[in-house]
Amino acid sequence: MMEVEVGHHSVLLTRTEGRYSAIGNQCTHYGAPLSKGILSGHRVRCPWHGACFNVLTGDMEEYPGMDCLPCHKVGSRKVYVSTLRQEKRIKSMGSAVPGVTHTIILLGGGAASLSCAEILRQERFGGRIIMVTRDDLLPYDKTRLSKVMNVESETILLRRREFFHQYDIEVWLRKEALSVDTDKKTVAFDDGSVQSYDQLLISTGSGTLFSVQMLSERNVKFYMNDNVTEVKGVDGKVKEVVLKSGKVIPADVLIVGVGIFPNSQFLQGSKITMDSKHFVIVDKYMRTNVPDVFCAGDLATFPLAMAKNRLVNIGHWQMAQAHGNGGGSSKFLALYIKDDEVIAAAGLNYDPAVSAVAERLVTGNVITKAEAQSDDLSWLQLS
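Residue numbers for the sequence shown follow my numbering, beginning at 2 and rising by one.
Okay, here's the thing in structure tokens:
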């Protein structure tokens with residue numbers, strides 16, 4: 002694996018299993034040089050935040066990040082680079098199909114909801130996708146807020162408005178869910194409207210909880226037994242913080258660091274199961290206890306494989322994106338059994354398993370019921 006310059010453009014050249022490939026060298030998350038990362042098989046892992054890309058296709062296989070990498074043609078002695086200025090590539094996506102009324106609501110405008118919306122369109126879901134957020138902005142990169150204090154809101158948007166129009170993803174801004182009726186499959190909002198759904202993803206994240214550290218000896222001034230009542234600004238920039246006591250504090254930067262609590266108040270009284278801290282409990286497929294209702298991101302408590310499937314809550318950007326991917330993608334392999342033998346198969350997004358079963362059957366190789374029910378599906382690999 003090595004970095005090469007082609008027309009002042011950085012390209013990652015790799016050789017895996019005797020095959021050469023060339024993709025963009027800059028990670029689509031924050032631009033790290035992938036040539037400094039780790040290559041394992043057909044995957045290269047970013048040295049900064051761990052995003053993974055397939056070196057044969059340029060497709061992103063693990064988060065964080067939103068986009069894939071450009072993939073270039075490699076000859077025996079030459080690399081043919083097209084679209085030199087393109088450092089990112091949006092994976093092929095579909096849009097809404099006329100006449101399809103199936104509706105999926107995504108509550109929350111963060112990483113999990115956006116990831117779910119995109120994977121749905123990538124899998125060619127042709128129904129209606131509605132993303133609902135109480136924010137004023139389209140989904141934005143919240144990780145930037147702790148790194149760049151004077152950032153303009155337009156510069157941290159994960160996708161532009163034109164993107165959502167192109168792929169028929171509705172985004173309802175400044176709208177908050179008040180309740181969910183899982184029997185009627187409806188969501189009620191603060192403006193009095195009610196929207197029905199076929200599937201629902203709840204990814205409303207978490208809010209803030211008060212906590213302090215005694216840093217007075219380092220010239221940190223505390224205003225005890227007081228509250229912030231107003232933040233004043235000019236042209237979108239903070240200028241003053243007003244306290245309940247009437248005290249006005251001039252400010253150039255306002256940092257809100259007061260802990261978190263799950264944004265699940267609107268689920269109180271619903272049939273959706275939550276834990277003692279009011280996080281929503283899901284299984285490994287991000288499903289709640291209620292059919293057609295999923296949960297992802299900071300709000301979810303889920304079985305973590307590396308913790309022996311113990312239920313955990315992890316408030317992390319990369320995890321939220323992975324959750325959204327899981328909530329938006331579906332795959333299965335159904336094996337039909339008669340007289341203790343597999344006689345047919347059907348699948349979704351499980352290629353080439355069905356073809357492998359067909360080849361086994363046509364060549365006279367019996368697939369037993371025991372093999373079909375086993376967690377070990379190595380028998381699908383054809384020699």
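Note that CB positions come from ideal geometry on N, CA and C, so glycine has one too.
Everything numeric in this text was worked out from a predicted model, so none of it was measured.
Between the beta-carbon of residue i and the beta-carbon of residue j, is there less than 8 Å?
i           : j           : result
residue 199 : residue 293 : yes
residue 106 : residue 201 : yes
residue 104 : residue 197 : yes
residue 112 : residue 130 : no
residue 132 : residue 172 : yes
residue 114 : residue 325 : yes
residue 187 : residue 264 : no
residue 58  : residue 42  : no
residue 373 : residue 344 : no
Pull up the distance between the alpha-carbon of residue i and that of residue j, whole angstroms please.
i           : j           : result
residue 280 : residue 20  : 47 Å
residue 381 : residue 120 : 26 Å
residue 336 : residue 310 : 27 Å
residue 212 : residue 257 : Confidence is the limiting factor: at residue 212 the pLDDT is only 41, short of 50, which leaves the residue's position unreliable and the question unanswerable from this model.
residue 110 : residue 36  : 33 Å
residue 226 : residue 277 : 28 Å
residue 222 : residue 127 : 55 Å
residue 233 : residue 249 : 10 Å
residue 124 : residue 60  : 14 Å
residue 122 : residue 241 : 43 Å
residue 254 : residue 235 : 13 Å
residue 368 : residue 63  : 33 Å
First and last residue of the beta strand (DSSP E) that includes residue i?
i           : result
residue 240 : 238-244
residue 22  : 20-25
Quick one, which of the options has its alpha-carbon nearest residue i's?
i           : options               : result
residue 370 : 346, 364, 177 and 353 : 346
residue 91  : 342, 165 and 194      : 165
residue 342 : 352, 324, 362 and 125 : 362
residue 238 : 75, 252 and 360       : 252
residue 116 : 72, 67 and 134        : 67
Could you spell out where the alpha helix (DSSP H) holding residue i opens and where it closes?
i           : result
residue 6   : From DSSP, residue 6 is part of no alpha helix (DSSP H) but of the beta strand (DSSP E) over 3-7.
residue 370 : 370-374
residue 73  : Where residue 73 is concerned, there is no enclosing alpha helix (DSSP H), although the beta strand (DSSP E) it sits in stretches over 72-75.
residue 361 : 354-363
residue 167 : 162-167
Once the 5 residues before and after residue i are set aside, which same chain residues still bring their CB inside 8 Å of it?
i           : result
residue 289 : 203, 273, 274, 281, 282, 283, 295 and 296
residue 136 : 110, 174 and 175
residue 154 : 138, 141 and 237
With a CB to CB cut of under 6 Å and the five nearest residues on each side skipped, what residues in its chain are close to residue i?
i           : result
residue 180 : 189 and 267
residue 354 : 334, 348 and 381
residue 14  : 3, 5 and 23
residue 1   : Any answer about residue 1 is impossible in this case: the structure gives the chain only from 2 up to 384.
residue 88  : 25 and 27
residue 314 : 280 and 302
residue 46  : 38, 39 and 53
Please list, in chain order, all residues of the same chain as residue i whose beta carbon is under 7 Å from its beta carbon, the five residues on each side excluded.
i           : result
residue 151 : none
residue 65  : 30, 50, 52, 318, 319 and 322
residue 157 : 141, 142 and 145
Tell me, please, whether the CB atom of residue i is closer than 8 Å to any CB atom in chain D?
i          : result
residue 22 : Absent from the structure: chain D. Only one protein chain is present.
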